[in-house]
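S.K.:
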Amino acid sequence: MEKPNKKQVLLFHCVESEDLARKVAAQSDLIQLQSINWGSSLSLSLSLSLSLSLISFCYFSSSLEYYHRSDELDYLLFWERLARVLVPHEVRGWKWYEFAFGVIFVGDSQDWRSFDDGFPNLFINNAQDIRGHHVAFLASFSSPGVIFEQLSVIFALPRLFVASFTLVLPFFPTGSFERMEEEGDVATAFTMARILSNIPISRGGPTSLVIYDIHALQERFYFSDHVLPCFETGIPLLKQRLQQLPDSDKATASVQIVVAFPDDGAWKRFHKQLDHFPMVVCAKVREGDKRIVRLKEGNPAGFHVVIVDDLVQSGGTLIECQKVLAAHGASKVSAYVTHGVFPKRSWERFVHKNDAESEKAFAYFWITDSCPQTVKAIANKAPFEVLSLAGSIADALQI
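Counting from 13, one number per residue, gives the positions in the sequence shown under our numbering.
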């Protein structure tokens, strides 16, 4: 059966996902980036002037722009402290502040994304021009604070008479909260699924929703018939990278590599996709008040063992699993997770610190770029490597 002709896709994106969106667009001439004004921001131009007699000498000038919410707290603290010693002025719409050793000019940009009351000030550029086109939005729900503004755009785009609408949400952030353990627990995975299930239909029908390695496979049934969830995986990226390792025999693609799963859930999730590799399964067992990791089955001795899971938070389980594998004779241990969440900079636990102990803990730590803030944080830090989802996303936009 012949496949339909490929479609031209207009790709919108949130601020955090800009780098990934550019990589996706670079995969195909059929993907064209589109812009959204996320409101008006403060763009600070700092000029420090020193007067020497009648000569005014410009010491330096720089522009500070804040695109990521992880930087906003430091920015606000800086601004609050500075404001105590500033004298405000306003000339032709430009505000400038004079203080002891210089001047700060404040102008308008497009990335602060909110009105004075804190609610987002959003504008979809060229709204009439996207009518009749296939449209997609690349989202990143990295924190509750950014979800509302992105949902506002997500709910608006299908109503602009577009031919079809696709939402790409690489990381479904509430996926690990998918069930109740006692009365009163709130399964926020179901809440998020219900919200996304109410995205308006476009002229082409329900929204296509692309998610990578959702935490629990049964969550596909949390979505209503108003959206069409498409569940993709980052495992092909891992398999391709493993074939490039010196440990991998090109003939068998797996001779010196063993795949390990930190628990039964990870094994159930991924073992069929990696069934040509020898496997090791670990398990968490309770000893008194503690839960420890034990080797459940398989033999890691003499192999390069790669721990595979869908996501990492603090990384405690991976570290304990690595210790168990090393104790059972693994020659090297590496890790792969599709989603490197790493709250509170927990990735720092894995960074090589130029000492033998940290460098032998994990030879490689592979993540995808599903969590853009983490990607920026771990750039050029061993043992981390980023396997980009860009090619896979570009393919998904043609489904």
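Think of the CB as a built atom: it goes at the ideal place given N, C-alpha and C, for glycine as much as any other residue. Keep in mind it's a predicted model, so treat the numbers as computed, not measured.
Please go through the same chain and pick out, in chain order, the residues whose beta-carbon is closer than 7 angstroms to the beta-carbon of Gly-8, but skip the five residues on each side of it.
M.R.: The structure shown does not extend to residue 8, since the chain is modelled only from 13 to 411, so the question has no answer here.
S.K.: Is the segment 195 to 215 touching the segment 229 to 241 in the sense that three or more CB pairs, one from each, lie closer than 8 angstroms?
M.R.: yes
S.K.: Name, in chain order, the residues that DSSP records as bridge partners for Ala-243.
M.R.: In the sequence shown, the residue the question calls residue 243 occupies position 231. According to the sequence shown, residue 243 is Phe rather than Ala. Paired residue(s): Ile-223.
S.K.: Going along the chain, which residues of its own chain have a beta-carbon closer than 6 angstroms to the beta-carbon of Leu-22, five neighbours each way excluded?
M.R.: Position 10 of the sequence shown, counted from the first residue, corresponds to residue 22. Answer for Leu-22: Gln-44, Gln-46, Ile-142, His-145, Val-147, listed in chain order.
S.K.: Give the DSSP-derived three-state secondary structure of Glu-30 in the structure shown.
M.R.: What you label residue 30 is simply residue 18 of the sequence shown in a count that begins at 1. In the structure shown, Glu-30 sits in a helix (DSSP, three-state: H, G or I).
S.K.: For Leu-337, which residues does DSSP report across the bridge?
M.R.: Here the question's residue 337 lines up with position 325 in the sequence shown. Leu-337 is not bridged to any residue.
S.K.: Can you list, in chain order, the residues of its chain with a C-beta nearer than 8 angstroms to that of Val-158? Leave out the 5 residues immediately preceding and following it.
M.R.: Here residue 158 is taken as the residue at index 146 of the sequence shown, counted from 1. Correct list, in chain order: Cys-26, Glu-28, Arg-81, Ser-152.
S.K.: So the beta strand (DSSP E) Lys-296 belongs to, where does it begin and stop?
M.R.: Here the question's residue 296 lines up with position 284 in the sequence shown. Looking at the DSSP string, the run of the beta strand (DSSP E) that includes Lys-296 is 291 to 299.
S.K.: When burial is assigned at 16 or more other CB atoms within 10 Å of the CB, is Val-318 buried or exposed?
M.R.: Counted from its first residue, the sequence shown places residue 318 at position 306. The residue is buried, with at least 16 neighbouring Cβ atoms inside 10 Å.
S.K.: Is it a yes or a no for the segment 394 to 404 touching the segment 242 to 253, going by three-plus beta-carbon pairs under 8 angstroms?
M.R.: yes
S.K.: Can you name the start and end residues of the alpha helix (DSSP H) that Phe-202 belongs to?
M.R.: The count along the sequence shown starts at 1 and reaches residue 202 at position 190. Here the alpha helix (DSSP H) through Phe-202 covers 200 to 208.
S.K.: So what does DSSP say about Gln-385, is it helix, strand or coil?
M.R.: As a position in the sequence shown, residue 385 is number 373, starting the count at 1. Here Gln-385 sits in helix by DSSP.
S.K.: Give me, in chain order, the residues of the same chain whose beta-carbon lies closer than 6 angstroms to that of Phe-282; leave out the 5 immediate sequence neighbours on both sides.
M.R.: Your numbering for residue 282 matches position 270 in the sequence shown. Excluding residues within five positions, the ones whose Cβ falls inside 6 angstroms are Val-320.
S.K.: From this set, Arg-357, Ala-375, Lys-356, Phe-354, which residue's C-alpha is nearest His-364's C-alpha?
M.R.: Position 352 of the sequence shown, counted from the start, is the residue given in the question as residue 364. Residue Ala-375 is the option with its Cα nearest to His-364.
S.K.: Report the CB separation of Ile-412 from Val-165 in whole angstroms; it is logged as a contact under 8 angstroms.
M.R.: Because the chain spans 13 through 411 in this model, residue 412 falls outside it and cannot be assessed.
S.K.: Say yes only if the C-beta of Thr-245 is nearer than 6 angstroms to one or more non-hydrogen atoms of the ligand SAH, and no if none qualify.
M.R.: The model depicted lacks the ligand SAH and carries no ligand whatsoever.
S.K.: For Glu-30, which residues of its own chain have a beta-carbon under 6 angstroms away from its beta-carbon, when the five flanking residues on both sides are left out?
M.R.: Here the question's residue 30 lines up with position 18 in the sequence shown. No residues qualify anywhere along the chain.
S.K.: Using CA coordinates, which residue listed in Glu-332, Glu-194, His-288 is at the minimum distance from Cys-294?
M.R.: Start at 1 with the first residue of the sequence shown, and residue 294 comes out as number 282. Answer by Cα proximity: Glu-332.
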